[in-house]
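In this note's numbering, the protein residues as written are 39 to 401.
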Amino acid sequence: MSDSVALYYHIPFCKRKCIYCAFYSVPWATEEVKDAYLFALLKQTASFPEPREITSVYFGGGTPNLFGPRRLDKLLSEISKRFHLTEDCEISMELNPGISCFEDLHAYHMAGVNRLSIGMQSSDDDTLTLLGRNHTFLDTVNCMNDARKEGYGNISLDLMFALPGMDCGKFEKTLSDALNLEPEHISAYSLQLEEGTPLLMAKHNYIFPDEDEEEREYQLLCSRTGGAGYRHYEISSFARNDHVSRHNMHYWQCRDYIGFGPAAHSYWNGKRFSNKADIKEYIKEPLISNDYDSAERLSEEEMIEEQIMLGLRTDEGVKASLLSKKKVSILMEKGYLFLNDNRVRITERGWRVSNSIIGFLLA
Ligand code: SF4
39 MSDSVALYYH IPFCKRKCIY CAFYSVPWAT EEVKDAYLFA LLKQTASFPE PREITSVYFG
99 GGTPNLFGPR RLDKLLSEIS KRFHLTEDCE ISMELNPGIS CFEDLHAYHM AGVNRLSIGM
159 QSSDDDTLTL LGRNHTFLDT VNCMNDARKE GYGNISLDLM FALPGMDCGK FEKTLSDALN
219 LEPEHISAYS LQLEEGTPLL MAKHNYIFPD EDEEEREYQL LCSRTGGAGY RHYEISSFAR
279 NDHVSRHNMH YWQCRDYIGF GPAAHSYWNG KRFSNKADIK EYIKEPLISN DYDSAERLSE
339 EEMIEEQIML GLRTDEGVKA SLLSKKKVSI LMEKGYLFLN DNRVRITERG WRVSNSIIGF
399 LLA
């Protein structure tokens, strides 16, 4: 397995909180707070223990484009000094289309960003409003056009399905609108009711699609993207011309990555650990996050479980020798798994119930 590392930088600023969101982020921060946060990220970056080869850097959030081009440029140039970034290193940035402008897209590109992940979510403006998103579908169209003009050749659109008030007809429209924009990559997730979110607290005010409707929308997602030439390479991910998310594949292949910033997770030399979800503490003492030494190493058994859980999410699957033959044949008979080249993979039908499949295989 390659010795390369991926870096994740959490930029935990949002203009306002979307009602379904449980990610760690803080509302609109002052310029001083952002500068102090940049300083803390630089400090943690400089303290990294081993300068191994980096094949992916990902700025996620939150809303990374609230950090602004000047800070991102400074951070990326320090990352390049501290680490060896491969020539084809994927440098991704999540973008909220509501606050994107051409000048910033140009500056991010000049700083080295070569992949964008735009949070479109839906093309239905009423649904976007209901979710608390601060943009319209037209913002996504403009953002996409600006990004193409600037020369970005690797763009992903994030979509959501199984949304309140949605049905297959409305989701079909979102899919068509997304496909018309010809992104290299699409990620699509069903809405989840997460602990502590306003949506969960007010769930009785909404009509949610039932499981059958959710299933139909997922099937629609798979068939429309497949028909448009996208490879369904992970439960929720679809890529054209091999533009898979290198960063996410790094996670799913159980390779090392380091997370910078509050609430960021790391997997490093067989250890998993995460930073405390508290930006104030992080700014005060970012090196507390360098938990490389004290984190507990995963046991051999836990590592194999991780390989199974993460590998089965993708169309690469896992080595057959890691799984019980008896359980595999039961699931193959039901049409949930298939075997090829000594690797076990989940079928398209099985991906919707992958949690149950993986639970059964690990039990
Ligand atoms: S913009 Fe993204 S991170 Fe921020 S609140 Fe909305 S979903 Fe959460």
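Cβ coordinates follow ideal geometry from the N, Cα and C atoms, glycine included.
query = To the nearest angstrom, how far is it from the Cα of Ala67 to the Cα of Gly299?
reply = 15 Å
request  = Grab the span of the alpha helix (DSSP H) containing Arg186 for me, first residue to last.
outcome  = 175-188
request  = Please report the residue range of the beta strand (DSSP E) in which Phe199 lies.
outcome  = From DSSP, the beta strand (DSSP E) with Phe199 extends over 193-199.
message = For the pair the segment 108-118 and the segment 312-321, tell me if three or more CB-CB distances fall below 8 Å.
response = no
query = Which residues in the same chain as Met39 place their Cβ atom closer than 6 Å to its Cβ, once the five residues preceding and following it in sequence are excluded?
reply = Any answer about Met39 is weak, because its pLDDT of 42 lies below 50 and its placement is not dependable; what the coordinates show is given next. Correct list: empty, nothing qualifies.
key: As assigned by DSSP and simplified to three states, the class of Tyr62   = coil
task = Could you tell me which residues DSSP pairs with Phe398 in its beta bridges?
result = In the DSSP output, where bridge partners are listed per residue, Phe398 has none listed.
inquiry  = If you reduce the DSSP assignment to three classes, tell me which class Cys260 lands in.
reply    = If DSSP states are grouped into helix, strand and coil, Cys260 belongs with the helices.
query = the ligand SF4 heavy atoms versus the CB of Phe246: any closer than 6 Å?
reply = no
Exposure of Glu340, with buried meaning 16 or more beta-carbon neighbours within 10 Å = exposed
Ser130, enclosing beta strand (DSSP E) - first and last residue = Unbroken beta strand (DSSP E) run through Ser130: 122-133.
query = Taking three-plus beta-carbon pairs below 8 Å as touching, is the segment 40-47 in contact with the segment 286-298?
reply = yes
query = Relative to the ligand SF4, is the shortest distance from any of its heavy atoms to the C-beta of Phe61 smaller than 6 Å?
reply = yes
inquiry  = Looking at the secondary structure, which residues open and close the alpha helix (DSSP H) in which Glu319 lies?
reply    = 317-322
key: Reference Trp306; option with closest CA among Thr212, Ile321, Ser332, Gln230   = Ser332
inquiry  = Among the candidates Gly388, Glu338, Ser160, Ser194, whose CA atom is the shortest distance from the CA of Asp353?
reply    = Gly388
Sufficient close CB pairs (3 or more, under 8 Å) joining the segment 53-60 to the segment 170-188 = yes
ask   = Hey, would you say Ala194 sits closer than 7 Å to His147, going by beta carbons?
value = For the record, residue 194 in the displayed sequence is Ser; it is not Ala. Their beta carbons are not under 7 Å apart, which means Ser194 does not touch His147 by this criterion.
Gln82 - DSSP class collapsed to helix/strand/coil = Here Gln82 sits in helix by DSSP.
query = Exposed or buried, what is Ile395 when buried is set at 16 or more other beta-carbons lying within 10 Å of its beta-carbon?
reply = buried
key: Reference Phe398, options Ser337, Ile346, Phe105, Trp290, closest by Cα   = Ile346
inquiry  = Need the endpoints of the beta strand (DSSP E) that Leu213 sits in, please.
reply    = No beta strand (DSSP E) holds Leu213; the alpha helix (DSSP H) holding it covers 206-218.
query = Of all Cβ atoms in chain C, is any one closer than 7 Å to the Cβ of Val71?
reply = Of the protein chains in the structure, only one exists, and it is not chain C.
message = Let me check understanding here. Comparing Cα to Cα, which of Glu338, Ala266, Arg383 lies closest to Arg351?
response = Arg383
ask   = With respect to the beta strand (DSSP E) encompassing Gly157, which residues constitute its N-terminal and C-terminal limits?
value = Per DSSP, Gly157 belongs to the beta strand (DSSP E) from 153-159.
inquiry  = Cutting at 8 Å between CB atoms, please list the residues of its own chain near Asp142, excluding the five before and the five after it.
reply    = Asn103, Gly106, Pro107
inquiry  = According to DSSP, Tyr227 sits in a beta bridge with which residue or residues?
reply    = Met198
ask   = When the Cα atoms are used, what is the spatial distance from Ala74 to Leu110?
value = 13 Å
ask   = Thinking just about the alpha-carbon of each residue, which of Leu336, Ile321, Met287, Ser225 is nearest to the one in Phe311?
value = Leu336
Per-residue DSSP class, three states only, for Ser275 = strand
ask   = Is Cys52 closer than 7 Å to Gly98 when the C-beta atoms are compared?
value = no
inquiry  = With the cut-off set at 7 Å, would you say Thr124 and Glu70 are in Cβ contact?
reply    = no
query = How would you label Ala226, buried or exposed, when you count the other beta carbons within 10 angstroms and need 16 or more for buried?
reply = Classification for Ala226: buried.
query = Hey, out of Thr178, Phe199, Cys127, whose CA is closest to Gln257's CA?
reply = Phe199
ask   = Under the three-state reduction of DSSP, which class applies to Met39: helix, strand or coil?
value = Because Met39 carries a pLDDT of 42, less than 50, the predicted location of this residue cannot be relied on, and no value is offered for it.
Burial state of Gly207 (16 or more Cβ within 10 Å) = Result: exposed.
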